[in-house]
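Below is one structure; the comments refer to it alone.
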Amino acid sequence: MINRSHKMSERALAVVTWAAAIVTIAVLAYIIGFIFVKGVPYIKPSLFSPTYNSDNVSLMPALISTILMTALSLAIAVPLGVLSAVYLTEYAKRGNKAVALIRMTMETLSGIPSIVYGLFGMLFFVTFLGWGFSVLAGTFTLSIMILPLIMRSSEEAILAVPDTYREGSFGLGAGTLRTVFRIVLPSAVPGILAGVILAVGRIVGETAALIYTSGTVAQVPENVYESARTLSVHMYALSSEGLHIGEGYATAAVLLVVVILINTCSAWIAKRIGR
Amino acid sequence: MERRSRLNETLKFGTRFGTFKEKFMRAVFFLAALSSILAVVLICYFLLANGLPAIGEIGPASFLLGKEWSPSDTPPSFGILPMILGSIYVTAGAIVIGVPIGVLSAVFLARVCPKRLYKLIKPGVDLLAGIPSVVYGFFGMAAIVPFAGNSMLSACILLGVMILPTVVGISESAIRAVPEHYYEGALALGAGHYRSVFRVVLPAAKSGVLAAIVLGVGRAIGETMAVIMVAGNQARMPISLFKGVRTLTANIVIEMGYATGLHRDALIATGVVLFVFILIINLSFSALRNRAL
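From first to last, the protein sequence lines are chains A and B. The first sequence begins at -17 in our numbering and counts up by one. The second sequence begins at 3 in our numbering and counts up by one.
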């Protein structure tokens, strides 16, 4: 009798578990399929013409702005993030008060929602520093947003470098600095890169932090003091105007392709580290 | 003799220069590490300096507990209770939908899934985390809104899907962190595979799963664009699952574009309230995670 009910509950649990997993994957497949089916028919050459107007609804300027802002944000956040990770792992002594504080702020930063970053960027970069709605303001806001991500992945990558490497370098007479730049960082590059790719994904998908910092002008910016919209902001603008929903789907499809590429890259690098 | 002393001088200079460089770079590393502290201080300062005076002017009680948000009336009223409740309800709905599926999926990935299938599903879950929120919003507008309307229900369903990868990821690592002999012990006592997993392994991973849920709450409450696109955004007390609702995040994005004066400051104060919510959630997340690991 007991045996029978055990068998029953065993089977019920199996069904529930499998069902949940199937739902998760089905939802993913549905979202991706839906966007591609609706978007791909609208992908035509005019969507990629170099300037935007309300006839062609070109996504090219937004694509260029996205690449520009991603590159600039990485140029700010990667050096800062990697250098701070070096300090935390190679220089700071155990039980250092500053380190505890830095870790805490890092965790705080990584939990802040993007709209709060957007508000801060608007108050500080746009208004207080007087940069206006500009690529520069958007870039700095994004850099702060991805900083904790880069710090954490760099820290993990540096910690994963075996101590024997450092001991070997010290034994040959190298100082801390030389050991860091010649031995530790080169071995940590794949891990750091994985973090950078995650950060790129975060930037590409960002909207709320950018609407009130970099603004929504749909043209290629001539310099960093001009406003520009990234692909995600472009999509949001299309949806709120409500006139070019088809082109919106096409943009979504392009954005999805970018995200899938980014994810494949990071998975590939993660696999190489694992080996 | 002379040559040797010169060599000595060079060496000395060399090492002195070396230690200078070491010290200098140490300072550079330290300064870089301070950047995150600086960022948090700036964020707190600018939000509070702009938001708190507005709360003071409106009055904390009528701001936080006021049921009326009509900034363009004369006199205007700035009560954000509808939005606070909106955020809480929508998040609760997302948890109800996302957590059971997410935790069960995590059990599946950690304990049931064949290795070959895992290689297919895991990247899928990661991809779910990588899809931008506007794309979720677009999907919601076209696939959920036609059935559920611009309503609280639509927002709950969409957010439930959006927090899935967070819940799955952290729960999975918590379940994997449970020592193998717990499971083996349960098997040895005659429990079946699933019974061992659900009665022994999953309870042992409780703190980690709870941490996953808390982080999911953080994601849901902070989510902006996807919610705006499906929730209807009426600034009134939430009355029904099938009627429109406005969250704290939506309030900021929708009105910041044209707000001026006290209205603008009231929106920043909305951001302050959101920020405080998130800080509380983050603190409980770190507490739970430290207990789990």
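The beta carbon of each residue, even a glycine, is placed where N, CA and C say it ideally should be.
Could you tell me whether any Cβ in chain A is nearer than 8 Å to the Cβ of residue i?
i	result
residue 32/B	yes
residue 284/B	yes
residue 88/B	no
residue 37/B	yes
residue 333/B	In this structure chain B extends from 3 to 295, so residue 333/B is not present and cannot be described.
residue 258/B	yes
residue 107/B	yes
residue 210/B	no
When DSSP labels each residue in this structure, what does residue i get in the three-state scheme?
i	result
residue 115/A	coil
residue 296/B	Nothing in the structure corresponds to residue 296/B, since chain B is present only between 3 and 295.
residue 74/B	coil
residue 244/B	coil
residue 3/B	The predicted position of residue 3/B is uncertain, since its pLDDT is 41 and thus under 50; a value taken from the coordinates is nonetheless stated next. Looking at residue 3/B - three-state DSSP - the assignment turns out to be coil, as it is neither helix nor strand.
residue 282/B	helix
residue 21/A	helix
residue 12/B	Residue placement at residue 12/B is flagged as unreliable, the pLDDT there being 49, under the threshold of 50; the coordinate-derived value follows with that caveat. Helix.
residue 135/A	helix
residue -13/A	helix
residue 55/A	helix
residue 287/B	helix
residue 209/A	coil
residue 79/B	strand
residue 234/B	strand
residue 128/B	helix
residue 36/A	coil
residue 221/B	helix
residue 154/A	coil
residue 146/B	coil
residue 229/B	helix
Going along chain A in order, which residues have a C-beta closer than 8 Å to the C-beta of residue i?
i	result
residue 52/B	105
residue 24/B	157, 158, 159
residue 267/B	Within 8 Å Cβ-Cβ: nothing; residue 267/B doesn't reach chain A, min ~11 Å.
residue 251/B	95, 97, 190
Quick one: what's got a C-beta closer than 7 Å to residue i's C-beta in the same chain, skipping five residues either side?
i	result
residue 273/B	49, 53, 254
residue 104/A	194, 195
residue 119/A	103, 107, 108, 113, 195, 196
So, is the C-beta of residue i closer than 8 Å to a C-beta in chain B?
i	result
residue 51/A	no
residue 122/A	no
residue 20/A	yes
residue 204/A	no
residue 9/A	yes
residue 209/A	no
residue 186/A	yes
residue 168/A	no
residue 84/A	yes
Can you list, in chain order, the residues of its chain with a C-beta nearer than 8 Å to that of residue i? Leave out the 5 residues immediately preceding and following it.
i	result
residue 78/B	72, 264, 265
residue 280/B	220, 223, 224
residue 143/B	231, 232
residue 83/B	66, 67, 68, 69, 239
residue 55/B	267
Would you mind telling me which residues of chain A sit closer than 9 Å to residue i, beta carbon to beta carbon, in chain order?
i	result
residue 280/B	90, 93, 94, 95, 98
residue 184/B	Per Cβ cutoff of 9 Å: no residues; residue 184/B is ~17 Å from chain A at best.
residue 168/B	Within chain A, no residue comes near residue 168/B; the closest Cβ sits about 12 Å away, beyond 9 Å.
residue 197/B	-12, -9, -8, -5
Could you name the residues of chain A that residue i contacts, counting a contact when the two beta carbons are closer than 7 Å?
i	result
residue 254/B	97, 101
List the residues of chain B that residue i touches, going by C-beta distances under 9 Å, in chain order.
i	result
residue -10/A	Here the premise fails: no neighbours, minimum Cβ distance about 11 Å.
Quick one: residues in its chain with C-beta nearer than 6 Å to the C-beta of residue i, no 5 flanking neighbours on either side, listed in chain order?
i	result
residue 54/A	121
residue 25/B	none
residue 188/B	198, 202
Can residue i be considered in contact with the ligand HEM, in the sense that its beta carbon sits closer than 7 Å to one or more heavy atoms?
i	result
residue 213/B	Summarising the ligand content, the structure contains no ligands, and the ligand HEM is consequently not present.
Starting from residue i, find everything on chain E with Cβ-Cβ shorter than 8 Å and list it in chain order.
i	result
residue 55/A	Annotation note: the requested chain E is absent from the structure, which comprises protein chains A and B.
Can you pull the chain B residues whose beta carbon is under 8 Å from the beta carbon of residue i, in chain order?
i	result
residue 16/A	141, 144, 145
residue 221/A	136, 139, 140, 143, 231
residue 73/A	28, 31, 32
residue 133/A	38
Can you pull the chain B residues whose beta carbon is under 7 Å from the beta carbon of residue i, in chain order?
i	result
residue 194/A	258
residue 234/A	137, 140
residue 214/A	134, 136
residue 126/A	41
Determine contact between the segment 191 to 200 of chain B and the segment 161 to 168 of chain B, defined as no fewer than three beta-carbon pairs at a distance below 8 Å.
no
With a threshold of 8 Å, are at least 3 pairs of Cβ atoms found where one atom belongs to the segment 207 to 225 of chain A and the other to the segment 189 to 196 of chain A?
yes
Indicate whether the contact test is met: 3 or more Cβ pairs, each with one atom in the segment 119 to 133 of chain A and one in the segment 82 to 98 of chain A, closer than 8 Å.
yes
Evaluate the contact criterion for the segment 75 to 88 of chain A versus the segment 227 to 239 of chain B: three or more CB pairs, one atom per stretch, below 8 Å.
no
Any contact between the segment 230 to 242 of chain A and the segment 162 to 178 of chain A? By contact I mean 3 or more CB pairs, one from each, below 8 Å.
no
Can you confirm whether the segment -7 to 7 of chain A touches the segment 101 to 110 of chain B when touching is taken to mean that 3 or more C-beta pairs between the two stretches lie within less than 8 Å?
yes
Touch check for the segment 62 to 72 of chain A and the segment 132 to 146 of chain A: three-plus C-beta pairs under 8 Å?
yes
Report yes or no: do three or more beta-carbon pairs, one from the segment 122 to 132 of chain B and one from the segment 22 to 35 of chain A, lie closer than 8 Å?
no
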